[in-house]
Amino acid sequence: ISSFLNVEKEPITVLVTGQIGYALVPMIARGAMLGPDQPVILHMLDIQPAAEALKGVKMELVDAAFPLLRGIVATTDVVEACKGVNIAIMVGGFPRNKGMERKDVMSKNVSIYKAQASALEKHAAPNCKVLVVANPANTNALILKEFAPSIPEKNITCLTRLDHNRALGQISERIHVHVGDVKNVIIWGNHSSTQYPDVNHATVNTGTAHKPVRELVGDDNWLKTEFITTVQQRGAAIIQARKLSSALSAASSACDHIRDWVLGTPKYSLASCVINETNSNAGLKIDELNGDWSIVQGLKIDEFSRGKMDATAEELMEEKSLAYSCLK
Ligand code: LMR
Numbered sequence: 027i028s029s030f031l032n033v034e035k036e037p038i039t040v041l042v043t044g045q046i047g048y049a050l051v052p053m054i055a056r057g058a059m060l061g062p063d064q065p066v067i068l069h070m071l072d073i074q075p076a077a078e079a080l081k082g083v084k085m086e087l088v089d090a091a092f093p094l095l096r097g098i099v100a101t102t103d104v105v106e107a108c109k110g111v112n113i114a115i116m117v118g119g120f121p122r123n124k125g126m127e128r129k130d131v132m133s134k135n136v137s138i139y140k141a142q143a144s145a146l147e148k149h150a151a152p153n154c155k156v157l158v159v160a161n162p163a164n165t166n167a168l169i170l171k172e173f174a175p176s177i178p179e180k181n182i183t184c185l186t187r188l189d190h191n192r193a194l195g196q197i198s199e200r201i202h203v204h205v206g207d208v209k210n211v212i213i214w215g216n217h218s219s220t221q222y223p224d225v226n227h228a229t230v231n232t233g234t235a236h237k238p239v240r241e242l243v244g245d246d247n248w249l250k251t252e253f254i255t256t257v258q259q260r261g262a263a264i265i266q267a268r269k270l271s272s273a274l275s276a277a278s279s280a281c282d283h284i285r286d287w288v289l290g291t292p293k294y295s296l297a298s299c300v301i302n303e304t305n306s307n308a309g310l311k312i313d314e315l316n317g318d319w320s321i322v323q324g325l326k327i328d329e330f331s332r333g334k335m336d337a338t339a340e341e342l343m344e345e346k347s348l349a350y351s352c353l354k
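Mapping of the sequence shown onto UniProt numbering: residues 27 to 354, in sequence order.
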């Protein structure tokens with residue numbers, strides 16, 4: 027009816043913090059995240075030294091004349107940035123500079139995420155959905171959840187879709203099928219080199235059937251070794267090649283994550299995204315068209331997978347205690 031009457035949807039306000047924002051905001055303004063008929067208002071938050079550059083990004087957004095873009099706030103003030111936000115994409119974080127220990131980075135990020143969580147808690151729209159991209163993504167999301175208790179726990183997630191998409195890409199290249207025909211890979215655990223890309227439930231649509239990836243690849247050794255390490259190390263390989271961390275693929279995957287969450291996954295597709303869930307025998311399914319996710323129960327986990335999952339879970343627990351020790 028609304029399209030018949032030509033009634034426009036209410037704009038959705040999306041906050042983007044930090045620098046891969048430059049790759050992400052045009053995708054959002056073009057409708058890649060929320061759909062081609064969904065107007066958006068963009069809030070961009072960056073740190074004071076980047077204020078001038080942020081102004082430039084705002085100018086470019088105006089110059090690109092995106093029809094869906096109904097407002098732009100470019101600010102270094104966290105309260106202004108968080109006001110009325112429906113979706114928050116947290117890309118900004120403190121990078122690991124030369125000579126910094128892991129604990130130093132963690133401690134910087136814990137305080138950044140604590141402050142931003144409090145601002146979202148007070149000023150975001152009710153039912154705000156949060157996606158944390160900045161590393162250590164899982165732990166930053168945990169801290170955000172801790173300090174934004176009124177945001178439903180189910181609404182705080184971190185990015186695993188980049189790893190998920192990397193796994194799809196590797197399978198597609200290996201067996202020469204379209205990447206869009208590969209489905210149901212799962213990424214378990216930390217967004218780090220301990221993550222476990224699992225293809226035990228993955229299939230390829232061959233046109234006449236959905237065949238198991240395992241069978242089509244026909245090389246378990248490759249799946250258990252090179253495939254896993256390539257996906258685990260892909261972020262580092264990109265940094266090595268570009269001298270910068272991934273931005274285009276991270277931004278595109280962030281769009282996929284939010285789009286599937288808000289608009290639903292295609293029927294029977296699994297999505298990977300990290301949630302605060304202790305039941306590790308579960309995949310994640312996002313219900314069609316209702317903006318909610320649920321956990322797929324009872325997936326069969328073999329001994330090899332269990333070992334990989336336990337290792338990454340252990341690393342996450344260590345990160346968690348390090349983060350909590352930084353809060354003291
Ligand atoms: C990536 O996976 O590309 C990034 O998380 C890598 C990084 O450390 O920035």
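Positions of the beta carbon are idealized from the N, C-alpha and C atoms, including for glycine. Note that the structure is a prediction, hence the values are computed from the model and not measured.
Spatial neighbours of residue i within its chain, please: CB distance less than 8 Å, with the 5 preceding and 5 following residues excluded, ordered by chain position.
| i | result |
| --- | --- |
| Lys171 | Ala143, Ile177, Glu179, Ile182, Asn302 |
| Lys35 | Ser28, Asp63, Gln64, Pro65 |
| Pro121 | Val131 |
Note down, in chain order, each residue of its chain lying with its Cβ closer than 6 Å to the Cβ of residue i, except the 5 sequence neighbours on either side.
| i | result |
| --- | --- |
| Ile67 | Pro37, Thr39, Arg96, Gly97 |
| Pro175 | none |
| Thr43 | Leu71, Met116, Val117, Gly118 |
| Ala58 | Cys281 |
| Lys354 | none |
| Leu315 | Because the pLDDT at Leu315 is just 41, under 50, the model does not fix this residue reliably, and the point stays unresolved. |
| Ala193 | Val211, Pro223, Val257 |
| Gly309 | Per-residue confidence for Gly309 stands at a pLDDT of 47, beneath the threshold of 50, marking its modelled position as unreliable; no derived number is given. |
How should residue i be labelled, buried or exposed, when 16 other C-beta atoms within 10 angstroms of its C-beta is the threshold for buried?
| i | result |
| --- | --- |
| Ala267 | exposed |
| Arg260 | buried |
| Asp282 | buried |
| Pro162 | buried |
| Leu94 | buried |
| Thr304 | Annotation note: pLDDT 43 at Thr304 (below 50); position unreliable, coordinate value reported separately. So Thr304 counts as exposed. |
| residue 1 | The requested residue 1 is not part of the displayed model; the chain covers only 27 to 354. |
| Ser272 | buried |
| His69 | buried |
| Thr338 | buried |
| Ser351 | exposed |
| Val105 | exposed |
| Thr186 | buried |
| Val33 | exposed |
For the putative contact between residue i and residue j, defined by C-beta atoms under 8 Å, what is the C-beta separation to the nearest angstrom?
| i | j | result |
| --- | --- | --- |
| Ile213 | His236 | About 20 Å; that fails the 8 Å criterion. |
| Asn216 | Asn153 | Not confirmed; about 27 Å, so no contact. |
| Val51 | Leu80 | Going by Cβ atoms, the distance from Val51 to Leu80 rounds to 11 Å, so no, they are not a contact pair. |
| Val203 | Val230 | 5 Å |
Considering only heavy atoms of the ligand LMR, does any lie closer than 7 Å to the CB of residue i?
| i | result |
| --- | --- |
| Leu188 | yes |
| Ile46 | no |
| Ser278 | no |
| Ile254 | no |
| Asn166 | no |
| Ser219 | no |
| Ile115 | no |
| Gly61 | no |
| Ile321 | no |
| Ile138 | no |
| Glu213 | It is worth fixing the name first, because residue 213 is Ile in this sequence and not Glu. Ile213 Cβ: outside cutoff for every heavy atom of the ligand LMR. |
| Gly119 | no |
| Asn161 | yes |
| Gly261 | yes |
| Ser176 | no |
Give me, in chain order, the residues of the same chain whose beta-carbon lies closer than 7 Å to that of residue i; leave out the 5 immediate sequence neighbours on both sides.
| i | result |
| --- | --- |
| Leu348 | Lys129, Met132 |
| Ile265 | Ser271 |
| Tyr294 | Confidence at Tyr294 is low in this model, with a pLDDT of 48, below 50, so its placement is unreliable and the value that follows should be read with caution. Contacts found: none. |
| Gln196 | Phe253, Thr256, Val257 |
Considering only DSSP beta bridges, list what residue i is partnered with.
| i | result |
| --- | --- |
| Leu94 | In DSSP, Leu94 forms no bridge with anything. |
| Ile113 | Val40, Lys155 |
| Asn231 | His236 |
| His69 | Leu41, Val99 |
| Tyr350 | None; Tyr350 has no bridge partner. |
| Val208 | Val230 |
| Ile213 | Pro223 |
Can you find a CB in chain D that lies within less than 8 Å of the CB of residue i?
| i | result |
| --- | --- |
| Asp336 | The structure shown contains no chain D; it is built from a single protein chain. |
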